[in-house]
Structures are given as C-alpha cells and as structure tokens.
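Per my numbering, the very first residue in the sequence shown carries number 13; after that it's consecutive.
Don't be surprised by glycine CBs; every beta carbon is placed ideally from N, CA and C.
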Amino acid sequence: SAYLTNLPRALLRVMAGFHKDGGRFYLRRAIEKPDPELCRKVFPMVEVWQERINQGRDHGDQSIAADGFLQMLRQLSIVFLQDSVPLQELYPRLSIWNAPLFQDPQYITFKNKLTRSMNEAPTPQDLTLQMAMPLMHDYVRAMHTDVSARLASLTHNMEQQAQRTSQFLDDLLSGRVSFSLQVDPSYIQNSHQSFTPSAPSTLLPITTSTAAINTTISNVGIPAQHTNNTPTNNIITTPSTADDPPHYKMSRGITNLYDLWREWHTGLSGSPAVLELERTWKTKWRRRGDDKWVNRRATIIREIQAYKEKYQLTPEAALKEIDDRRIVLGNKSINWMYENRTKWTTRVEE
C-alpha cells in the first residue's frame, strides 16, 4: 500500500485549523476556477505523460502511482494559479512574476476576474461574527463546547442510571432479589382501633428491605388485614463495621451462570460482591446454614475461571460457552452444574 495510506487525516485537518470531517472551510481565492487550457500551461508535460500511461494500459501495463501523481499535479496547477493572484498583491517584486505564464493573456483574464470576484464576494455568515467581534466569537464557541460536553456527560449518567434501574427491576421481577414488608405493630394496633368498614384501606408506613433498597416508604395504601411479612432471600441485616461484618444471603432465584458470576464478582443490584465479602470477612458474613450453598457456588466459579484460563477466553466468552452447554444438556440447574462438573469443564470436541 502507499506510504501515506495510514496518515490520520482528521488530525491533520484539525492541526491545519479546519474541521476534522473536511470540506468545512472558506477560501475567497477559490471562488473562480481557471480554465483547463490555462492549467495545462503550468505543467505542460502532464498530458504527454498521461497519454503514454494510457497507451501502456492498453497493453496491460498499469501504473496506479503514476496516475495518482499526474492527478495531483492537475490539482496543484489549479491551487497554484488561484494562490498566485493574492500573492502578487502581497509580494509584487518577486522575480517569479516575470515568467511567461504570468504574462499570458489567459492568465491576465483569470487574474482580473478573480480579483474582482474576491472584492465583491460577500463574507459568509458564519465568519461575520468572528471578523466583527473575535472575542465574542471565541467566547460563544467556548461556551458551546462546554455545554456540549456537559450534555454529553449528563446523557451518559442518565443512560447508566437507566441501565442500573432496568437491571434492578429485572433482578427483582425474576426473583434473583427479593424484598420484605415490615409493618410497625404499634401502628397496626392504632389503625385497627380507628378502622371502620367505610374506609377502603389504611395507610401504613412500610419499610422495604432488599439488597439494593433500604429505605422507608410511608403512606402506602394497603388494607391492614392484608399485610404480612415476606421472608427475604438476600439481605444485609446489619451495617458492616470493623468488628461487625455484614450478613448477606446469596440469592436463591438465580438460574443461569451469568447471574451467578455477576453476584460473585460485582453484586446483584447494589448488593455486595460475594468475592469481596470472602476476601474481607472470610466466612463471618455468611448466614447460619449457608456454608454448603456458598461453597458449592464457589466451586462452580473456580471451574469457570479454570475453563477461561485453559482456553484463553474472556469471562463473557467462557460464560457463553458453558451456559450454552447447560441449556443444550436440558436447561440444567445450578446444583446440577455443581454435581456434574465433568460434563462441562471441557469442550465437546475434546
């Protein structure tokens, strides 16, 4: 390939003061384009060599580089003639202006036409503010850049928040995260004393207790006779301190390896990661009777990690292969995966 192929053209445009996408600039001297006959007088041998290349192509001899070079010379001839007009006004005593080309009647006609067009052409609207009030232009441009950056950051944060909310709702509705309703007994007693059949419901302060929500929601209309306490699957019952670890119960609603991996490494919907709990508190965080459950899941996690390293896969790729195998084998449970590890810890082709 050509040695210029991999140059960062967008970067070069920006360094030259233009827009990175190209084509967004204004050159007053480019208003008029010289006649092709005048352009051929700048590099007169271009057409001669183009004819020779065309003859060689007819006999199977093709030169892409030569074609490109001649095309570049044609473009440079246009640029050279357009630039020469304002340059003559800036540097009228240069000896180059004595060359026959600049005495040619066609060039003089082009020069006069371009000079007149440059003087009469209106300034583009997007440059008017920059020329009249450069400081105001710079301020508006900087403010636009700042607002754009803030909007981009706000949009990114909103997308992340929406993703977290969607993930939590998915965990909650699928049973991976459960919750409990805890009603103040004294409030129930007071409610029963003032309850009459004409009232459709009694407003109760209800505390929702989940791994991700630990807030009190008041004034929820639920009939007092229909309230109950629903046991929770995974809940932090006490805050962690230096001597008092959090108590967390792993979810009983997980049915695939993706969610198990997520619960172990990052946590479910704001819950602590089991891996971090193990590193920090050893087994102190586990609830009574959970050792067998946690140890079985830990074994599965280690087998997935070994599978990933054995076949040099990313965690996502390893989980996909193993969970696809689980589904093919009959949509097996997590407990079955533990008891039948030899059936999925190696690839089928082995």
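Return the CA-CA distance between residue i and residue j, expressed in angstroms with no decimal places.
i, j, result
"residue 282", "residue 25", "46 Å"
"residue 280", "residue 20", "43 Å"
"residue 106", "residue 163", "53 Å"
"residue 7", "residue 131", "The chain is shown from 13 up to 362; residue 7 falls before or after that span and cannot be answered."
"residue 185", "residue 262", "17 Å"
"residue 315", "residue 322", "10 Å"
"residue 297", "residue 313", "19 Å"
"residue 151", "residue 103", "35 Å"
"residue 75", "residue 83", "13 Å"
"residue 116", "residue 52", "13 Å"
"residue 324", "residue 333", "13 Å"
"residue 245", "residue 302", "Model confidence at residue 245 stands at a pLDDT of 49, short of 50, so the residue's coordinates are unreliable; what they give is reported in the following sentence. For residue 245 and residue 302, the distance between alpha carbons rounds to 11 Å."
"residue 23", "residue 31", "9 Å"
"residue 50", "residue 18", "34 Å"
"residue 284", "residue 345", "24 Å"
"residue 99", "residue 91", "12 Å"
"residue 168", "residue 256", "37 Å"
"residue 95", "residue 110", "16 Å"
"residue 171", "residue 287", "27 Å"
"residue 173", "residue 300", "34 Å"
"residue 166", "residue 123", "53 Å"
"residue 67", "residue 73", "8 Å"
"residue 69", "residue 34", "33 Å"
"residue 48", "residue 93", "11 Å"
Going by CA-CA distance only, name the one from the options that's closest to residue i.
i, options, result
"residue 260", "162, 295, 60, 65", "295"
"residue 269", "47, 54, 338, 351", "338"
"residue 311", "353, 125, 53", "353"
"residue 276", "301, 256, 308", "308"
"residue 331", "348, 357, 306", "357"
"residue 343", "266, 150, 278, 256", "266"
"residue 46", "34, 121, 22, 78", "121"
"residue 81", "92, 62, 70, 98", "62"
"residue 359", "335, 111, 348, 97", "335"
"residue 304", "320, 347, 287", "347"
"residue 85", "56, 108, 319, 69", "56"
"residue 258", "290, 67, 101, 317", "290"
"residue 180", "34, 271, 351", "271"
If contacts are defined as beta-carbon pairs under 8 Å, then residue i and residue j qualify, I think. What distance do you get, rounded to the angstrom?
i, j, result
"residue 60", "residue 89", "That pair is no contact at about 14 Å."
"residue 126", "residue 119", "That pair is no contact at about 10 Å."
"residue 97", "residue 41", "6 Å"
"residue 273", "residue 327", "7 Å"
"residue 129", "residue 43", "5 Å"
"residue 78", "residue 65", "5 Å"
"residue 355", "residue 341", "7 Å"
So what's residue i in DSSP terms, helix, strand or just coil?
i, result
"residue 314", "helix"
"residue 323", "coil"
"residue 298", "strand"
"residue 360", "coil"
"residue 207", "Because the pLDDT of residue 207 is 46, which lies under 50, any placement of that residue in the model is unreliable, and the question is left without a value."
Give a yes or no on whether the minimum CB-CB distance between residue i and chain C is below 7 Å.
i, result
"residue 336", "The structure shown has no chain C; it contains just one protein chain."
By the DSSP assignment, the alpha helix (DSSP H) with residue i in it spans what residues?
i, result
"residue 124", "117-132"
"residue 91", "76-102"
"residue 22", "21-27"
"residue 69", "58-70"
"residue 292", "286-293"
"residue 276", "269-277"
"residue 347", "346-351"
"residue 52", "48-52"
Cβ-heavy atom distance between residue i and the ligand HEM below 6 Å?
i, result
"residue 51", "As for the ligand HEM, it is missing from this structure, which has no ligand bound."
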